[in-house]
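In this text, residue positions in the sequence shown follow the numbering used here: the first is 90, and each later residue adds one.
Virtual Cβ for every residue (Gly too), placed ideally from N, Cα, C.
The structure presented is a predicted model; accordingly, all values stated were derived computationally and were not measured.
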Amino acid sequence: MKRISILIATIFAFTLVSFSAVAACKLNPGFEKYNKEGMRKGPSAPNKEPIPGLKIVNIGEVEAMVNQPNKFVFYDVRPKSFYDGCTLKGAKHSRFFNKGNGELTKEIVKQEIDAGKTVIFVCNAAKCYLSLNAAIQSVCEWGMPVDKIRWLRNGITKVAIEKKNLLAGPMCDKPLDIMLKGMKYIGKEGKTK
90 MKRISILIAT IFAFTLVSFS AVAACKLNPG FEKYNKEGMR KGPSAPNKEP IPGLKIVNIG
150 EVEAMVNQPN KFVFYDVRPK SFYDGCTLKG AKHSRFFNKG NGELTKEIVK QEIDAGKTVI
210 FVCNAAKCYL SLNAAIQSVC EWGMPVDKIR WLRNGITKVA IEKKNLLAGP MCDKPLDIML
270 KGMKYIGKEG KTK
């Protein structure tokens with residue numbers, strides 16, 4: 090009887106967790122046109138939660154998070170050349186391609202969460218939707234807990250303007266426009282654009 094009770098409790102808990110991940114996946118108004126798009130020359134993504142419970146990390150929070158690597162891990166999802174040029178100190182790299190065809194996998198994200206960390210996705214700026222979509226995909230398609238995924242909306246460019254001491258890489262000391270031009274964008278096909 091005790092085993093049956095434990096089995097029922099386990100099934101109930103799993104169903105609740107699965108339901109909460111799926112329930113959190115309705116995009117908030119204003120995000121429909123940004124879902125599954127990459128870098129665009131369009132407007133910035135809205136400055137609010139993209140799905141219920143998915144928190145935005147602001148620049149003021151970055152420093153505390155960078156200094157707590159046992160609790161938080163930043164994943165730079167931009168092309169490798171951007172990551173190599175300038176990224177957050179201690180950030181890891183795992184390229185995210187639109188529509189989920191990339192290096193970032195469910196297993197990578199799950200491993201970090203299982204280690205007790207909150208995963209924060211970062212790219213260039215609010216007009217780069219790679220980090221936004223990595224966060225949405227982690228919760229909505231991979232079922233990661235929404236409270237363990239975050240999105241650094243304003244990206245590396247805002248950190249370079251306000252908290253340059255948190256960056257690492259050979260291009261970080263350059264003026265912002267030169268820093269960004271110096272990091273070549275490499276597309277899905279692996280060709281420099």
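Leaving out five residues on either side along the sequence, give the residues of the same chain with a beta carbon under 6 Å from the beta carbon of residue i.
| i | result |
| --- | --- |
| Ala180 | Phe163 and Asp165 |
| Pro158 | Gly179 |
| Phe120 | Pro139 |
| Lys247 | Ile148 |
| Trp231 | Lys195 |
| Arg242 | Ile145 and Ala215 |
If you count every other CB in all the chains shown that lies within 10 Å of the CB of residue i, and 16 or more means buried, which is it?
| i | result |
| --- | --- |
| Leu265 | exposed |
| Gln226 | buried |
| Pro168 | buried |
| Asn147 | exposed |
| Glu201 | buried |
Identify, in the order they occur along the chain, each residue of the same chain with its Cβ nearer than 8 Å to the Cβ of residue i, setting aside the five sequence neighbours on each side.
| i | result |
| --- | --- |
| Ala249 | Cys175, Leu256, Cys261, Leu265 and Met268 |
| Lys205 | Residue 205 is actually Gly in this sequence, not Lys. Asn159 and Lys160, listed in sequence order. |
| Asn156 | none |
| Lys252 | Ile148, Val151 and Glu152 |
| Asn254 | none |
Measure the CB-CB distance between residue i and residue j and report whether it falls below 7 Å.
| i | j | result |
| --- | --- | --- |
| Gly244 | Asn213 | yes |
| Val198 | Met233 | yes |
| Ala134 | Ala223 | no |
| Thr207 | Lys237 | yes |
| Ser183 | Glu196 | no |
| Trp240 | Leu219 | no |
| Val211 | Leu143 | no |
| Cys217 | Cys114 | no |
CB of residue i to nearest heavy atom of the ligand PLP: below 6 Å?
| i | result |
| --- | --- |
| Cys217 | Because no ligand of any kind appears in the structure shown, any question about the ligand PLP cannot be addressed here. |
Note down, in chain order, each residue of its chain lying with its Cβ closer than 7 Å to the Cβ of residue i, except the 5 sequence neighbours on either side.
| i | result |
| --- | --- |
| Lys137 | Asn117 |
| Asp283 | Past the boundaries of the shown model lies residue 283; the chain is included only from 90 to 282, so the question cannot be answered. |
- request: Write down every uninterrupted run of the beta strand (DSSP E) in the stretch 123-164 whose length is 3 residues or greater and which is fully enclosed by it, in chain order.
  value: none
task: Could you tell me which uninterrupted alpha helix (DSSP H) segments, each at least 4 residues in length, are contained entirely in the stretch 226-274, listed from first to last along the chain?
output: 244-251 and 265-271
- request: Note down, one range per segment and in chain order, each alpha helix (DSSP H) of at least 4 residues found wholly within the stretch 182-210.
  value: 195-203
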